[in-house]
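>
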């Protein structure tokens, strides 16, 4: 059993010393926080402010006109 624990300890230490483990340990909480904070900030933007109006105007200007929907033909009956 002691050999098993020695192997587990060695593998754990190697993983913890890896650069990606450290980067992930730091970045994951930051990204998860952003997923919670950004929607709250977006919802709290005053839609009547000049900044929001200019942003919406820019977004509308960049939109392409919508295409007409493709008509759906009824299924043809096969001659049996």
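In our numbering, the protein residues as written are 137 to 216.
Glycine is no exception: its CB is placed at the ideal position from the N, C-alpha and C atoms.
Note that the structure is predicted; figures quoted are calculated from it, not measured.
What are the boundary residues of the alpha helix (DSSP H) that includes residue 154?
First-last for residue 154: undefined, no H or E at that position.
> Three-state secondary structure (DSSP) at residue 169?
Note: residue 169 maps to helix in three-state DSSP.
> In angstroms, rounded to a whole number, what distance separates the CA positions of residue 169 and residue 158?
For residue 169 and residue 158, the distance between alpha carbons rounds to 18 angstroms.
> Helix, strand or coil: which one does DSSP assign to residue 193?
In the structure shown, residue 193 sits in a helix (DSSP, three-state: H, G or I).
> In three-state DSSP terms, what is residue 138?
Note: residue 138 maps to helix in three-state DSSP.
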